[in-house]
Amino acid sequence: MTIRADAHSSSPLSSPHRGAAWCAAPRRPPAVRRPSGRLESDIAVASDRRNGRARARMRLSQNFLTDPAVARRVVRVSGVGPADLVVEVGAGEGMLTRPLAATCGRLVGYEIDPRFAARLAARFRDRGDVRIVGGDFLAATPPREPFAVVGNIPYAITAGIVDWCLRAPSLTSATLLTQLEYARKRTGGFGRWSRLTVRTWPGVEWTMAGRVPRDRFHPVPRTDSAILRLRRRRVPLLPAGSLAAYRRLVDLGFTGVGGSLHASLRREYRTDRLGVAFRSAGLPREAVVAHVRPDAWVTLFAVLHGIDRT
Numbered sequence: 001m002t003i004r005a006d007a008h009s010s011s012p013l014s015s016p017h018r019g020a021a022w023c024a025a026p027r028r029p030p031a032v033r034r035p036s037g038r039l040e041s042d043i044a045v046a047s048d049r050r051n052g053r054a055r056a057r058m059r060l061s062q063n064f065l066t067d068p069a070v071a072r073r074v075v076r077v078s079g080v081g082p083a084d085l086v087v088e089v090g091a092g093e094g095m096l097t098r099p100l101a102a103t104c105g106r107l108v109g110y111e112i113d114p115r116f117a118a119r120l121a122a123r124f125r126d127r128g129d130v131r132i133v134g135g136d137f138l139a140a141t142p143p144r145e146p147f148a149v150v151g152n153i154p155y156a157i158t159a160g161i162v163d164w165c166l167r168a169p170s171l172t173s174a175t176l177l178t179q180l181e182y183a184r185k186r187t188g189g190f191g192r193w194s195r196l197t198v199r200t201w202p203g204v205e206w207t208m209a210g211r212v213p214r215d216r217f218h219p220v221p222r223t224d225s226a227i228l229r230l231r232r233r234r235v236p237l238l239p240a241g242s243l244a245a246y247r248r249l250v251d252l253g254f255t256g257v258g259g260s261l262h263a264s265l266r267r268e269y270r271t272d273r274l275g276v277a278f279r280s281a282g283l284p285r286e287a288v289v290a291h292v293r294p295d296a297w298v299t300l301f302a303v304l305h306g307i308d309r310t
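Take 1 as the starting number for the sequence shown in the UniProt record's numbering and just add one per residue.
Encoded structure:
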């Protein structure tokens, strides 16, 4: 099958609106001939082009992975194989696309930059199991069949991509290169857990599978990256019918007052019931909300709501 770069019908959500800046064009000085034979004006134009490409990469949050070993590591961590459908986010120059195409059963790669999308489509035009989509991943409809997401994602839209993955009913896993700080905050790396991780924990396991130095990317970002992995549990830790109530408990805990989880939950639960639940979860009464591990939240909820998890 011939692979094409499909033009997406909707406006890219991750691309900023371009406003027209009106100003007088600066005058160029007279061209000066260099010993190499190139004009100073030619060198200036080439420099302007390079700077323009760099600015475009910054606008699209493009930091391309340059280390094939890291790419192979990401694919290995993802656990995808010949039977899997994979959706790649931010295919870019194809550093991840190549090992993914060699490993998974079918691959759909999204790239919002039309130049890179066209190049990748040409490179894989003879592969019927690879399709390159020139468009915004965030505007895509998730596949109905089980699929995995893998990608070196733009830092600026990390939250949107993670939200897309969490909302996709058929997603089995997501393996993403993100900012190191983001990955650590979502996986307890600072001894603290985010509300998002806790809210989704009954159905999704969050882990950090390693650090990636910043010099493995171009342009070099300001911070190191990490391999963040989200794995959808085959059997949720709580019954499906109780998940909404669980999320309400988490929200109550994170939006409470008093500095401790016990004080926050005391607004809706009796003190004696909280005492039993805290002992079952191995938590001290003064436990700070953000320091409570996700598994302990699940135990708290199960005890408070009389759910037998054995």
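Here a beta-carbon is modelled for each residue, glycine too, at the ideal position from N, C-alpha and C.
Secondary structure of A69 (DSSP, three-state): helix.
In its chain, beyond the 5 residues on either side, Y269, R273, A277 have a beta carbon closer than 7 Å to the beta carbon of L304.
With a threshold of 16 other beta carbon atoms within 10 Å, D84 meets it and is buried. The Cβ-Cβ distance between F116 and H218 does not fall below 8 Å. Taking the CA atoms as reference points, R125 sits about 17 Å from E88. By the CB criterion at 8 Å, T310 and S280 fall outside the cutoff. Using a C-beta cut-off of 8 Å, the stretch 249-257 makes no contact with the stretch 148-160, since fewer than three inter-stretch Cβ pairs fall below that distance. Counting the other CB atoms within 10 Å of its CB gives D215 a total below 16, which places it among the exposed residues. Closest in alpha carbon position to Y155, among T172, G203, I227, is I227. By the beta-carbon neighbour count (other beta carbons within 10 angstroms, threshold 16), E286 is exposed.
The residue from A91, P114, R184 with its alpha-carbon nearest to that of L107 is A91. For the pair V133 and G109, the CB atoms are nearer than the 8 Å cut-off.
With contacts defined by Cβ atoms closer than 8 Å, V257 and R231 do not form a contacting pair.
When secondary structure is reduced to three states using DSSP, S225 falls in the strand class. The DSSP-derived three-state label of F147 is strand. In this structure P239 is exposed. Its beta-carbon is surrounded by fewer than 16 other beta-carbon atoms within 10 angstroms. Checking the DSSP bridge columns, you'll see Y110 partnered with V89, V133.
Within its own chain, the residues whose Cβ lies closer than 7 Å to the Cβ of E111, once the five positions on either side in sequence are excluded, are G90, A91, G92, A117, L120, I132, G134, listed in chain order.
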